[in-house]
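Shown next, in structure tokens, is the structure this report addresses.
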Amino acid sequence: MITETKELLENIIKPYSAILFLNNKVAGILIILITFMNYRIAVSGMIAIASILLFAKLIEFKSEYFSEGFYIYNSLLVGMGIGFIFPLSYISISLIVIASIFTFLLSFMLNRLFSVYSLPILSLPFSIITILIYLASYKYIGHTAVTFENGTSFYNLALPSFLSSFFRSVGTIFFLPNALSGLLLSLIVLYFSRILFIIMVTGFYFGVAVHAVFLGSYESALLNPYNFNYIIVATALCGIFLLPTIRNFFIAMMGVLISVVISDALHTIFYYYGIPVFTLPFNMTVTAFIFVLSMLYYKEFNYNIKSTPEESLSYYLSNIFRFGSNQIKISLPFSGEWSVYQDFNGEWTHKGKYKYAYDFVKTKHNKTYKAEGLFLTDYYAFGESILSPISGYVIDAREDLSDNIIGEVDRVNNWGNYIIIKSDLGFYIEISHLMQYSLHVKIGDYIKLNQIIAKCGNSGYSPEPHIHIQVQEIGVINAFTKKFTFSEYYVEKQLLFNHLPKKGELIRNVIVNKNVHSRLIFILDDVLHYDIYEDGEKKATTSFTVCMNVGGEFYFEDEKNNKLFFYADHLMFYFYHYTGEKSALQQLFILAPRIPYIHKDGIYFTDYLPINLLYSKLKTMKIELLSTINKNFYKIEKCYTYNTYSLSSDLGEVTFSPHNKGFQTICYQNTKLIRKEP
Amino acid sequence: MHYEKPTINKIDFAMGSKYGSPVKTQKIRTNIAGINVNELTEKYGSPLFVFTEQEIEDKYNTLYEAFSTRYSDVEFGWSYKTNYLNEICRIFHKLGSCAEVVSEFEYQKARALGIEGKDIIFNGPYKPKEDLKIAVQEGAKIHIDHLFELNDLEEIAEELNIQIPVAIRVNMDTGIYPQWSRFGFNYENNEALEAVERMHQNGKLILNGLHAHIGTFMLDAKAYGMATEKLMHLKAIIENQFGYEIEYIDLGGGFASKSNLKGVYQSSEVIIPTADEYADAITNAIYDNNRSKKLPKLYLETGRHLIDEAGYLLSSVWGYKRFPDGKKGYIMDAGVNLLYTSNWYNFNIELDKRYEGENELSMLNGPLCMNIDIIEENIMLPPLNRGTVLSISPVGAYNYTQSMQFIRYKPAVVLIDKEGNTRVIKEVDDLDTVNYKEV
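Protein chains in written order, with this note's numbering: chain D, -18 to 659; chain W, 44 to 482.
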């Protein structure tokens, strides 16, 4: 019962904050309160939501769908839109019920259609339905002329017109075209997201300025009732659907320009029927941008919309710095120490469509061979194992070509003996110049990361034994190559992630140690118990429980409901998100942001932590703002040293046990957590 | 008519091209680890065994890394029989190996080198009882080979009034031929389990390890995978049935070196599994077949793979003659007395410099007054003269330990350390050494 009520309340509150692109309950409640400036708006909004929730119950609509928000907020807008022009009466209430239910249906329908192209429906259903209702209402009793000065002008503050017009536009988003409501809404936005606020302001004044030039009148541009479109276009394109970056700022301003023209164009037609253009300019502009940019796999597209632009940006930057963004990542195809012979855009053969390829040779004392290098067997690489850099299926292979003697190359079969593996992630790996008849696997086999697949040879266009590797979009020989990075490798004692080694660099592959891996496999309801010592004195106990949320994300949770989210892929275990107060769990993130599955001593690596873990709220805000201009402001490097059973840094140390899952001790400042049996 | 095993020998001959004959018809080695071979023979005499510390270390590190990166708890035992020159053993112990011995003599040698009993793995089918008792008292890891030894150990346990932790050696079918079934207890016919049952009933010994040594110069890494799988199965059964905790498994040795087996056409790089292949097969089999909470410690007793390529024999031409069949025969100062493994392997024979003249079919004979003293029966060589130094490799494994004092004195052994310094680690024998302990 309690959870049902909670869910119900959430479904009521959420759509209010969603209209301002915020995902926050407090913001939602505050906005509801603001709508009471005009009780008709408040009441009709509530009626709309109530109708939807009842209708949803009637058709047994799955409550999970509501979590996406937009099924309700379009109806909410429609409800408020009707309340805006009609006094409350049985006719207007009936209209709200009818319209909001139809909006709900249309939202669902459009969403299904739009989602094929990964497009959001924005407030398109609202625009369409409200226009229809306004048109229909001409025939109904009780209809008054459409006016935007509807009863709330009382709240207009004595502000200079350039300020009050901005606030009025913000208020108009909730059909409250007065300065006070706009001011309050702006403060809410400012509190939750500085970035969003700045974009709102710049979008508005930029739109108004350009419009003023077009109209030849600053006054009429400022007083245009559709200026709120600039605000929502700007925020949608720089902060919400696209990341808040400088490049997107220019895109957003471009969007504002377009919406200026569309607003005027639509207004000319709609004026004839006495209906407002609502958010149609916004919907048209933003949909066009998102459609094109998502088709182009635009780099600064916001693929993971978080509750604020700040959070989205943090997520995006963490992903770039910590996990090499969404690039293709593969492991090295060998073990032991090798050197780069040719990298991307190599001087000999890695050109044109073959430019994204790597060649590796084995060297000792800067030479690839012993003695005089006249025989194949003099070469250190010849006969070495080739390891699979990914997991996937072998889809093509050849092994009949003989290994060239030194001084000859096979110009007919350039690729020599080769293998093509289709990665589980969809791309293809091609490895060339394998030793004749050395394949350990056959076409159709599923092979795992680090599995031995062949020996290094000298077949094909190969002047000396080496391993050639490239990533392709399709699984045929001679295909175009694709850019990629190596997910993990060592240079001396340094472990690098998602890097590309340079020509001549000596590198070592990381071989996954299943033993280490198995100590970092956590199962739901696993509990890790700890005694907390401060300055050597036992102060308290705590325990971390493994849980999963509805999104399938795993996290450790302590008694105070602090949550530390983790993920374990095939190469490492890592933390990526923390919610809650200051706690030992939070320290665990800072002390061991990632744990590679390796068994080696004295290895060091760097990682970049989410800044809110390290700094105060104010400093975090500052960095978040600065990183919209230059992402390197977000790049806070921390160095970690890995020894077989410990991970340490200047912040503290986490140790592991050889036979136990998880973390044995967690040590920071004057605090030490020691694992204990329950 | 009698059957003769067919062999194919690779004959090197010059490939004609428009640039004329390529120069790769002579294999040349002017130095070992940067030290000129002629200087070595001048300074230390000929024939001369030469070992390089760097190559030992490289090989050790490569194999150790192949295992340790995949499996956390692994230790190598230096196989004394492969090469028990004191300095060589010291290098391996310094690198982290414990000692693996197969006789009382080797056991004493390891102890003399300062290795503690607990760091000695005592293998082999013949362990004299009094020496076995010492090993027990010193805490060595004893791998029981047969029931007589089991009896001996139970008696020792009674005498000393203790329970002795022991391991048993297991032989099994791993799909290779010939199957080594001479050592230890058989897996397939339950002999191994019966031995454990017997041990359990008497309660004097505590089983804590399993050992298997499946063969030598193994060309298929999969055989190790199978051996490991069987050991892990046996481990699970023993732990379930008898409650022993098997703390370690030992897969013995037998990894191949880059030596060319006689009768094999391809080069060793082609047919020999890499360190990764052995490591992958063994460690995956442990992970896949582990049924216990704790993973066992893994021991390996790789000898040949680690030392073979680090050893060279320098031998000089003393003279030559032309045989009636036209073949040229060189008389060398080293022969099969020093190169026991020439029975199975074709060595890599390199010249000290480039020689003028065409290659011709030649035979290399040793200094023994025996018809069988042949190092290489058919080899293409340019005309060589007295004093030419040939580097014969790889000879690091077994050749020194199996070489005999026969007809000539055993030669000196030199080690080139990582800094490039050479030093004698064993001097040439003389009459005194040969006559020592004779009446």
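Note that CB positions come from ideal geometry on N, CA and C, so glycine has one too.
Only a predicted model underlies this, so the values are computations on that prediction, with no experimental measurement involved.
Contact with chain D by residue i, beta-carbon distance below 7 angstroms
i: Tyr103 (chain W); result: no
i: Lys337 (chain W); result: yes
i: Ser111 (chain W); result: yes
i: Glu320 (chain W); result: yes
i: Asp323 (chain W); result: yes
i: Ser310 (chain W); result: yes
i: Tyr388 (chain W); result: no
i: Tyr330 (chain W); result: yes
i: Thr317 (chain W); result: yes
i: Ser115 (chain W); result: yes
Residue i and residue j closer than 7 angstroms at C-beta
i: Tyr443 (chain W); j: Leu407 (chain W); result: no
i: Ser81 (chain D); j: Ser32 (chain D); result: yes
i: Lys310 (chain D); j: Asn479 (chain D); result: yes
i: Gly296 (chain W); j: Glu352 (chain W); result: no
i: Tyr54 (chain D); j: Ile0 (chain D); result: yes
i: Ile280 (chain W); j: Ala266 (chain W); result: no
i: Tyr123 (chain W); j: Val144 (chain W); result: yes
i: Pro444 (chain D); j: Cys437 (chain D); result: no
i: His243 (chain W); j: His186 (chain W); result: no
i: Glu318 (chain D); j: Arg489 (chain D); result: yes
Contact with chain W by residue i, beta-carbon distance below 7 angstroms
i: Ile450 (chain D); result: no
i: Asn496 (chain D); result: yes
i: Gly317 (chain D); result: yes
i: Ile610 (chain D); result: no
i: Ile213 (chain D); result: no
i: His580 (chain D); result: yes
i: Ile576 (chain D); result: no
i: Ile492 (chain D); result: yes
i: Ile433 (chain D); result: yes
i: His414 (chain D); result: no
i: His346 (chain D); result: no
Residue i - partner residues in DSSP beta bridges
i: Arg365 (chain W); result: W:Lys371
i: Lys463 (chain D); result: D:Val452
i: Glu318 (chain D); result: D:Arg489
i: Cys620 (chain D); result: D:Thr587
i: Ile450 (chain W); result: None, per the DSSP bridge assignment.
i: Asp377 (chain D); result: D:Ile401
i: Trp121 (chain W); result: W:Ala142
i: Pro208 (chain W); result: W:Ile249
i: Asn214 (chain W); result: W:Asn229
i: Leu304 (chain W); result: W:Tyr388
i: Asp116 (chain W); result: DSSP output for Asp116 (chain W) lists no bridge partner at all.
Buried or exposed (CB count within 10 angstroms, at least 16 for buried), residue i
i: Asp368 (chain W); result: exposed
i: Pro314 (chain D); result: buried
i: Met416 (chain D); result: buried
i: Asn542 (chain D); result: exposed
i: Ile114 (chain D); result: buried
i: Ile153 (chain D); result: The sequence given here places Thr at residue 153 (chain D); Ile does not occur at that position. By the neighbour-count rule (16 or more Cβ atoms within 10 Å), Thr153 (chain D) is buried.
i: Gly157 (chain W); result: exposed
i: Cys412 (chain W); result: exposed
i: Val273 (chain D); result: exposed
i: Gly485 (chain D); result: exposed
i: Leu161 (chain D); result: buried
>> Could you tell me which whole beta strand (DSSP E) segments of length 3 or greater appear in the stretch 354 to 442 of chain W?
In response: 354 to 365, 371 to 375, 391 to 394, 403 to 408, 417 to 424 and 432 to 436, all fully within the stretch 354 to 442 of chain W.
> Just by C-beta distance, which residues in the stretch 354 to 375 of chain D are closer than 8 angstroms to chain A?
Replying inline: Here chain A cannot be found, since the structure's protein chains are D and W.
>> My parser needs the alpha helix (DSSP H) runs of 4 or more residues fully inside the stretch 292 to 352 of chain D; what are they?
In response: Runs of the alpha helix (DSSP H) inside the stretch 292 to 352 of chain D: none found.
> What are the complete beta strand (DSSP E) segments, minimum 3 residues, inside the stretch 520 to 576 of chain D?
Replying inline: Listed in chain order, the complete beta strand (DSSP E) runs (minimum 3 residues) inside the stretch 520 to 576 of chain D are 535 to 538, 544 to 549 and 553 to 560.
>> Suppose only complete runs of 4+ residues qualify. What are the alpha helix (DSSP H) ranges in the stretch 56 to 95 of chain D, listed by chain order?
In response: With a minimum length of 4 residues, the unbroken runs of alpha helix (DSSP H) contained wholly in the stretch 56 to 95 of chain D fall at 71 to 95.
> Considering only residues of the stretch -2 to 36 of chain D, which uninterrupted alpha helix (DSSP H) runs meet the minimum length of 4 residues and lie entirely inside it, listed in chain order?
Replying inline: DSSP assignment within the stretch -2 to 36 of chain D yields the following whole alpha helix (DSSP H) runs of 4 residues or more, N-terminal first: 6 to 16.
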